[in-house]
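In mature numbering (1 follows the signal peptide of the UniProt record, and there is no 0), the protein residues as written are -26 to -1, 1 to 234.
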C-alpha cells in the first residue's frame, strides 16, 4: 500500500511538472528556429550596399529588414543565457544602424508617424515612464516597468495604427528602452498575438487602410481597453493575475493539496 501511495505521489508530481511546462510554453510561445532564420535573413540584408539599390528595391528590402528585426527582437525571449542575449543584442544594434542610415529617410521613421508621436503613445510614455531606468540593468523591477510600457505600446499599435506602423514598433521599443527591449523576457501573450498577425498583416488593415486617423477608430474605448484616453491598468492587472493563477495551481498540485 505504501508503494502504491508513493507511485501515486510521483505520478502527481510528474503531471504537475508537465502542466507547468505547458503553461510556460504557452506564455513564451517562442521559437529558436524562427529566431535563427530571422537573424540570418537580417544579417544577409545588411551586407548589401543600400546606395546600389533602386528606390523600389530598397523599399522592399526595408520592409523585410523591419519584419526580421521585429522577429529577432520577439524571439529573443527564447534565450536564457546572457551570452546568447548579448549576441542577439549585437545583431539588433548592427541592423538598427543600417535601418537608420538606409531606411529612415523621406518620412519613413517612426518619428514621422502620427501613431508614435500621437497622444495615445504619449499616454503610454507618461503612464509607464522609463526615465531614470538604467537600460543596461535588467533586474525584475526594471523589466516589470519595461513590460508594462511595451504592453501598452503593442496594444496601441494593434488597435489604432496602420500595418506600416506595426513594422516600426521594434525600432521604437529599442529606441525607447535600448537593452531592455531584448533582455527583458515578456510574460504576456502579446508577442504570440504579434506573431499570429505577421502572416495576416495586410488583411488586418483592409477595412481601414484609407482611414488612417478616422474617428471610428477612437470611439470604441471599451473594446480597446482604454478609458478617457488613458491606458487601462486594470486590464494589465487581469493579465498578470491570470498568469499568477496558473502558477498557483502548479504549486497546489506539487504540494499535494489537490487530488488528481
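Think of the CB as a built atom: it goes at the ideal place given N, C-alpha and C, for glycine as much as any other residue.
Please read all numbers here as calculations on a predicted model, not as lab measurements.
Assumed close pair residue 99, residue 134 - CB separation to whole angstroms, cut-off 8 angstroms: Incorrect: roughly 15 angstroms between the Cβ atoms, too far for contact.
Thinking just about the alpha-carbon of each residue, which of 83, 122, 97, 121 is nearest to the one in residue 141? When only C-alpha atoms are compared, the closest one is 83.
Residue span of the alpha helix (DSSP H) that contains residue 100, given as start and end: 93 to 101
So, using beta-carbon positions, are residue 19 and residue 32 closer together than 8 angstroms? no
Ignore the nearest five residues each way along the sequence and tell me which others in residue 76's own chain have a CB closer than 8 angstroms to its CB. Answer for residue 76: 24, 32, 36, listed in chain order.
Tell me whether the beta-carbon of residue 16 lies closer than 8 angstroms to the beta-carbon of residue 47. no
Could you have a look at residue 78 and say whether DSSP puts it in helix, strand or coil? Three-state DSSP puts residue 78 in coil, outside helix and strand.
Closer than 6 angstroms by C-beta to residue 143: which residues in its own chain qualify, once you throw out the five before and the five after it? Chain order, please. 131
Between which two residues does the alpha helix (DSSP H) containing residue 25 stretch? Here residue 25 belongs to no alpha helix (DSSP H), and DSSP marks it neither H nor E.
Report the rounded CA-to-CA distance for residue 6 versus residue 12, giving the unit in angstroms. 10 angstroms
Closest by C-alpha distance to residue 89, when choosing among 114, 146, 62, 118: 146
Measuring only the C-alpha atoms, how far is residue 71 from residue 14? 17 angstroms
Residue -2 - DSSP class collapsed to helix/strand/coil: Caution applies to residue -2, whose pLDDT of 39 falls short of 50 and renders its modelled position unreliable; the value that the coordinates give is listed next. Reduced to three states, the DSSP call for residue -2 is helix.
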